[in-house]
Amino acid sequence: MNPHLLIAIPLAPLIAAVIAGLAGHRIGRVATHTLTITGVAIACGLSLYVLKQMYWGGVGTFNGPVYTWLVSDGVHIQVGFLIDRLSVLMMSVVTFVSLCVHVYTIGYMSDDPGYTRFFSYISLFTFAMLMLVMANNFMQLFFGWEAVGMVSYLLIGFWYTRPSAIFANLKAFIVNRVGDFGFILGIAALFSYTHSLSYTTAFAAAPHIAQQTLPVFGGVNALTLACVCLFIGAMGKSAQVPLHVWLPDSMEGPTPISALIHAATMVTAGIFMVARMSPLFEYSNAALSFVLVIGATTAFFMGILGVVNNDIKRVIAYSTLSQLGYMTAALGASAYSAAIFHLMTHAFFKALLFLAAGSVIIGMHHEQDMRKMGGLGKYMPITAITCWIGGLALVATPFFSGFYSKDAIIEAVGLSHRWGSTYAYWCVLFGSFITSLYTFRLLFMTFHGEERFRHAAAAHGHDEHGHEAHGAHEPRESPLVVTLPLIALAIPSLVIGYLTVGTVLYGNYFGSAIMVRPQNDVLAQMAAGYHGPLRLALEGLVGWPFLFALAGFATAWLFFLRRPDLADAAAVKFAWLKRILDQKFYFDWFNEQVIARLGRGLGTGLWKVGDQGVIDGALVNGTAASVGWFGGVVRRVQSGYLYSYAFWIVIGLAALLGWFLVHA
Amino acid sequence: MHDHLLSLLIWLPIAAGVVVLLLGERNIAAGRWLSLIASLATLALCVPLWRDFNTHTAAYQFVQKAAWIARFHAYYALGVDGISMPLIVLTAFMTIPVVIAGWRVISARPAQYYASFLIMEGLMIGVFAATDALLFYFFWEAMLIPMFLIIGIWGGPRRVYATIKFFLYTFLGSVLMLAALIYMYVKAGSYSIAAFQALPLTLAEQRWIFAAFLIAFAVKVPMWPVHTWLPDAHVEAPTGGSVILAAIMLKMGGYGFLRFSLPITPDACRELDLLIITLSLIAVIYIGFVAIVQPDMKKLIAYSSIAHMGFVTLGAFLVYAIVKATASTQGAGMGIDGAMVQMISHGLISGALFLCVGVLYDRMHTRQIADYGGVINTMPVFAGFMVLFALANTGLPGTSGFVGEFLVILASFKASFWYAALAAVTLILGASYSLWLVKRVLFGPVGNERVAKLNDLDGREFLILGALAAVVLLVGIWPAPLLKVMEPSIQHLVSQAIATKIPV
Numbered sequence: 033m034n035p036h037l038l039i040a041i042p043l044a045p046l047i048a049a050v051i052a053g054l055a056g057h058r059i060g061r062v063a064t065h066t067l068t069i070t071g072v073a074i075a076c077g078l079s080l081y082v083l084k085q086m087y088w089g090g091v092g093t094f095n096g097p098v099y100t101w102l103v104s105d106g107v108h109i110q111v112g113f114l115i116d117r118l119s120v121l122m123m124s125v126v127t128f129v130s131l132c133v134h135v136y137t138i139g140y141m142s143d144d145p146g147y148t149r150f151f152s153y154i155s156l157f158t159f160a161m162l163m164l165v166m167a168n169n170f171m172q173l174f175f176g177w178e179a180v181g182m183v184s185y186l187l188i189g190f191w192y193t194r195p196s197a198i199f200a201n202l203k204a205f206i207v208n209r210v211g212d213f214g215f216i217l218g219i220a221a222l223f224s225y226t227h228s229l230s231y232t233t234a235f236a237a238a239p240h241i242a243q244q245t246l247p248v249f250g251g252v253n254a255l256t257l258a259c260v261c262l263f264i265g266a267m268g269k270s271a272q273v274p275l276h277v278w279l280p281d282s283m284e285g286p287t288p289i290s291a292l293i294h295a296a297t298m299v300t301a302g303i304f305m306v307a308r309m310s311p312l313f314e315y316s317n318a319a320l321s322f323v324l325v326i327g328a329t330t331a332f333f334m335g336i337l338g339v340v341n342n343d344i345k346r347v348i349a350y351s352t353l354s355q356l357g358y359m360t361a362a363l364g365a366s367a368y369s370a371a372i373f374h375l376m377t378h379a380f381f382k383a384l385l386f387l388a389a390g391s392v393i394i395g396m397h398h399e400q401d402m403r404k405m406g407g408l409g410k411y412m413p414i415t416a417i418t419c420w421i422g423g424l425a426l427v428a429t430p431f432f433s434g435f436y437s438k439d440a441i442i443e444a445v446g447l448s449h450r451w452g453s454t455y456a457y458w459c460v461l462f463g464s465f466i467t468s469l470y471t472f473r474l475l476f477m478t479f480h481g482e483e484r485f486r487h488a489a490a491a492h493g494h495d496e497h498g499h500e501a502h503g504a505h506e507p508r509e510s511p512l513v514v515t516l517p518l519i520a521l522a523i524p525s526l527v528i529g530y531l532t533v534g535t536v537l538y539g540n541y542f543g544s545a546i547m548v549r550p551q552n553d554v555l556a557q558m559a560a561g562y563h564g565p566l567r568l569a570l571e572g573l574v575g576w577p578f579l580f581a582l583a584g585f586a587t588a589w590l591f592f593l594r595r596p597d598l599a600d601a602a603a604v605k606f607a608w609l610k611r612i613l614d615q616k617f618y619f620d621w622f623n624e625q626v627i628a629r630l631g632r633g634l635g636t637g638l639w640k641v642g643d644q645g646v647i648d649g650a651l652v653n654g655t656a657a658s659v660g661w662f663g664g665v666v667r668r669v670q671s672g673y674l675y676s677y678a679f680w681i682v683i684g685l686a687a688l689l690g691w692f693l694v695h696a
Numbered sequence: 165m166h167d168h169l170l171s172l173l174i175w176l177p178i179a180a181g182v183v184v185l186l187l188g189e190r191n192i193a194a195g196r197w198l199s200l201i202a203s204l205a206t207l208a209l210c211v212p213l214w215r216d217f218n219t220h221t222a223a224y225q226f227v228q229k230a231a232w233i234a235r236f237h238a239y240y241a242l243g244v245d246g247i248s249m250p251l252i253v254l255t256a257f258m259t260i261p262v263v264i265a266g267w268r269v270i271s272a273r274p275a276q277y278y279a280s281f282l283i284m285e286g287l288m289i290g291v292f293a294a295t296d297a298l299l300f301y302f303f304w305e306a307m308l309i310p311m312f313l314i315i316g317i318w319g320g321p322r323r324v325y326a327t328i329k330f331f332l333y334t335f336l337g338s339v340l341m342l343a344a345l346i347y348m349y350v351k352a353g354s355y356s357i358a359a360f361q362a363l364p365l366t367l368a369e370q371r372w373i374f375a376a377f378l379i380a381f382a383v384k385v386p387m388w389p390v391h392t393w394l395p396d397a398h399v400e401a402p403t404g405g406s407v408i409l410a411a412i413m414l415k416m417g418g419y420g421f422l423r424f425s426l427p428i429t430p431d432a433c434r435e436l437d438l439l440i441i442t443l444s445l446i447a448v449i450y451i452g453f454v455a456i457v458q459p460d461m462k463k464l465i466a467y468s469s470i471a472h473m474g475f476v477t478l479g480a481f482l483v484y485a486i487v488k489a490t491a492s493t494q495g496a497g498m499g500i501d502g503a504m505v506q507m508i509s510h511g512l513i514s515g516a517l518f519l520c521v522g523v524l525y526d527r528m529h530t531r532q533i534a535d536y537g538g539v540i541n542t543m544p545v546f547a548g549f550m551v552l553f554a555l556a557n558t559g560l561p562g563t564s565g566f567v568g569e570f571l572v573i574l575a576s577f578k579a580s581f582w583y584a585a586l587a588a589v590t591l592i593l594g595a596s597y598s599l600w601l602v603k604r605v606l607f608g609p610v611g612n613e614r615v616a617k618l619n620d621l622d623g624r625e626f627l628i629l630g631a632l633a634a635v636v637l638l639v640g641i642w643p644a645p646l647l648k649v650m651e652p653s654i655q656h657l658v659s660q661a662i663a664t665k666i667p668v
């Protein structure tokens, strides 16, 4: 493969981002979005070309350096690319979704004063994400990892005058840094055994590292420690419990980036990373059990929170948490291909759901509360239909793309014999019910039933802020730049699973890019029973996951469409449960009231007591003061009065003579 | 020219400073331009220094030697290796923004102000270039005088307390170092640093010398618990003083550890390395927490400096623990590399952050975080720069702040999991204090009427911050040239550090 072509893939969006960022206000809006869209389109076209070359053209893996970042102590740390079937799939998904989001942004951000800045950021993000997935070494991985986090920080706080937005972006960065703390230790652990940062060296050394013991915590397996540390990084980036707290708040950012960064791409970086590191994780059952349990817990418990939230974007955000939990659980069951497959289908249908939600938000004049919506399907047909397609894919309806990926995960977890797999299986299976419940609740509350926005408009009539009463007009369908990306994403949400399940999941598409040890290979067992996508879907119609989803549909229909009063009654009856869920299991409370407070208290204590009290007060100024005191005493002796000196001379003489007399 | 290049680097800014002083306050326009030209010319002299530097040898280069005080065998001996050369370039580079930053801002006795900085630049370059210990000591002490004046004359309301604290602290340390140098002169019969490095010393002697050096350098770095002079000095110092203090003067301590402690007293270092490592980790964590709660922007950055300098001392002293844990020196050089890069990077980033505070202070005359809020609304370009430098301060990859911390963390894992884990806490603490500062000062709605009236950067300020931003990014994206310059000297230093000097 031509390395120049590969370099062009991340460089095109980077150049566009730099020009848009530095000169955007001078070259104007049209030039800015033309430039950045061209940049991403080039990256997307080239990624798809490379994908085609690798899949149909028989081109092999590319692994080579671009430039030497530094040489220290004989270690060559290079920026370089590893392009195999795993990374090229990620590149294609990232650039395709990014392209859709770029186009959509023209419509969504049209009246925003930060228009050019926004385009600069999302192109910069695309660059950073590409550097992450294309990396062939841990330094570059960490670079991409932090760079996407930085752009996410800038974009969550895009509307920087909103206190909630700048709280959310600080929170996101710091929580991610907690994950990165683990991540960098994981990298350092591997480095300490291989003296190299390249993937290939680390993968080759995995069986050897698995034999080593580190003398910490009473002796732990070195590879387990490294893998768990790396996974802690993934828990931050992919928002796994308990480091998930930043993702719902990240919805403070504009909707296009919720779709691009906080659903389709950046948050899946952790999933991608673990799959990329499969040659390491495969040698540590303990680490994989940890991954499995964390993933399953996230999948189930974060889904529940989606059921009680009323903000349309936050419901989708909890859904994203839950789906990321599914992917993580798949990783923990050694079903890496299933995780990446779900990552791909999820990228399409979740980006679609977010962009559809954005379209609804435009139609509702920036109202996000679903209690003030209802019946919008009539006014926004394209949005409603595409959103339904995304929803059906999300609940894993047979034939839709999400079905092929999610059912595979549930089955794979069921087949796994790893420690924790029974618990995980129940979590992901019941999760189907929850997924279906919150999805249909969202669809019903938004597009069907009573047109509640009319009450909202009436209640909103006397607006103190003076701007025109929101929702007074009937909602209208969004313009073509908004609906076109919806349609472009609806198509893969519908068909990509059917078309690619035989290849990606059961056809050994990934080859050597993903390593699974034979005794862990649950997907191989499933592949033995695979007879084409049609039969799989037909079997799925009577499978447990789909029956649970149907139950969820019925429940949602009853509580949120047919008899909404029942939902209110249940909320009263189970007020204690409602409180726990409204408080999101008290994670935020704990972080803000306990951890943040302790941190600030410790800082103040060390400053006031340690620095000002002990070091400055007692030691430094204390030394100065005692010198002063001593000086004061000595000064008294030197009074300047002759009789005083004479007196002291006599005393001194007497003492001296006395001493001589005694010792003589 | 190469025979006198280092002399030129030292004496050109000093001579220019004297001329500015003689021109006096009445010819200040000429004095300003002369200061700018002299500082640019000094940087220009660094071009041949860097270009013609031989990256394949650890020996001193551009050497120059002349008799100085024959009675004491002290020579005017200069030379640079891979450790001192980058620090000289940093010094020459960072003086320029200081000169430009004072352009319109300093109204009281500007000629003396510029003269102080130019003379200090020459003296600081002298510290890094001296290969004779007595000459080194001369520059080391002499540079305190202009800094003392800068804080004492152009400083804030509590400047007298701050200057006296600063002076006594650093002077106390230096006097002990002088005693150690004289002791070794008596034994070696020469003040050559190379002779000191070759001088066999018993463990007891090394312990005493190590202790004397430790006090001198620990105060300069500064290491916990002798760090409390720094926040006071920064708060009272004018912007330019803070920039030079943070960017260059703190590096003298790190340089001293690398040039004196490790090669001259390797056995004492081996014995006492845990002390330095512990103090470094305390600096990273304790000071990191203290930085979070600072209400004053300059104090916050001052504490952040102490925490970052913890990585310098940690990286420098990892060698013994690595040898003990792995029976190999692999990774030791990386720790020292990381320490060096951290020094350069911290010079750029902390200097830039102090300049940012200066930009705000010149407009609002307050450093209290609570007096700001929503500055981005009125100063978007400035906010862009400050966010960049704050992110660099958190060690974001792609900026220079990442390189040193990354190398030190990688190396420290080889020594011990716990060293790496405690050092890596900086990822969380650094992000907390840097970005919380950004949130409270820059983001949010316009905080008050005075913020609403702020003007964005003028051309002069844009130029300074832009140049610093470019270098911060360049070092982050492509640090290889910097590492290449240092590598032979650092490998040589590792071999010196692990050799024993105890006479058999």
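From first to last, the protein sequence lines are chains D and W. If you want the working numbering, it's the 1-based position in the first sequence plus 32. If you want the working numbering, it's the 1-based position in the second sequence plus 164. By construction, the Cβ of each residue, glycine as well, lies at the ideal position given by its N, Cα and C atoms. What you are looking at is a predicted structure, and each value in this text was computed from that prediction instead of being measured.
For chain W, the residues of the region 192-213 of chain D that bring a beta carbon within less than 9 Å of one of its beta carbons are Tyr192, Thr193, Arg194, Pro195, Ala197, Ile198, Phe199, Asn201, Leu202, Phe205, Ile206, Asn208, Arg209, Val210, Asp212 and Phe213, in chain order.
Taking 7 Å as the cut-off, the Cβ atoms of Ala367 (chain D) and Val554 (chain D) count as close. In the structure shown, Thr429 (chain W) adopts coil according to DSSP, grouped into three states. Unbroken alpha helix (DSSP H) stretches of 4 residues or longer found wholly inside the region 234-278 of chain D: 254-269, given in chain order.
Interface residue (Cβ-Cβ distance to chain W less than 7 Å): Arg58 (chain D) is not classified as such. The straight-line gap separating the alpha-carbon atoms of Met402 (chain D) and Val107 (chain D) is approximately 56 Å.
Just so you know, the alpha carbons of Gly452 (chain D) and Leu582 (chain D) end up roughly 27 Å apart. Between the region 168-187 of chain W and the region 650-668 of chain D there are fewer than three C-beta pairs closer than 8 Å, too few to call the two in contact. Bridge pairing for His374 (chain D): absent [DSSP].
When beta bridges are read from the DSSP output, Ile233 (chain W) appears opposite W:Ala238. C-alpha of Arg632 (chain D) to C-alpha of Pro459 (chain W): approximately 12 Å in a straight line. Annotated three-state conformation of Gln660 (chain W) is helix, per DSSP.
Exposed is the label assigned to Lys410 (chain D), since fewer than 16 other Cβ atoms lie within 10 Å of its Cβ.
Within the region 618-631 of chain W, not one residue has a Cβ closer than 9 Å to any Cβ of chain D. Taking C-beta separations shorter than 6 Å and ignoring five residues to either side along the sequence, the partners of Gly420 (chain W) in its chain run Phe381, following chain order. Gly181 (chain W) is a Cβ neighbour of Leu282 (chain W), given a cutoff of 7 Å. Looking at the DSSP output, Thr100 (chain D) bridges to D:Gln110.
Two segments are said to touch when three or more pairs of C-beta atoms, one from each, lie closer than 8 Å; by this definition the region 627-635 of chain W touches the region 257-275 of chain W. At least one CB of chain D lies nearer than 7 Å to the CB of Leu560 (chain W). Contact between the region 515-535 of chain W and the region 401-416 of chain W is present, with at least three C-beta pairs closer than 8 Å. Around the Cβ of Val445 (chain D), a 10 Å sphere holds 16 or more other Cβ atoms; the residue is buried. Taking the beta carbon of Tyr536 (chain W) as reference, no residue of chain D falls within 8 Å; the closest one sits roughly 14 Å away. Val533 (chain D) is not a Cβ neighbour of Gly139 (chain D), given a cutoff of 7 Å.
DSSP, read as helix, strand or coil, puts Gly181 (chain D) in helix.
Taking a Cβ-Cβ cut-off of 7 Å, the neighbours of Val454 (chain W) in chain D comprise Gly635, Leu638, Trp639 and Asp643, given in sequence order.
7 Å or more divides the Cβ of Thr403 (chain W) from the Cβ of Ala496 (chain W).
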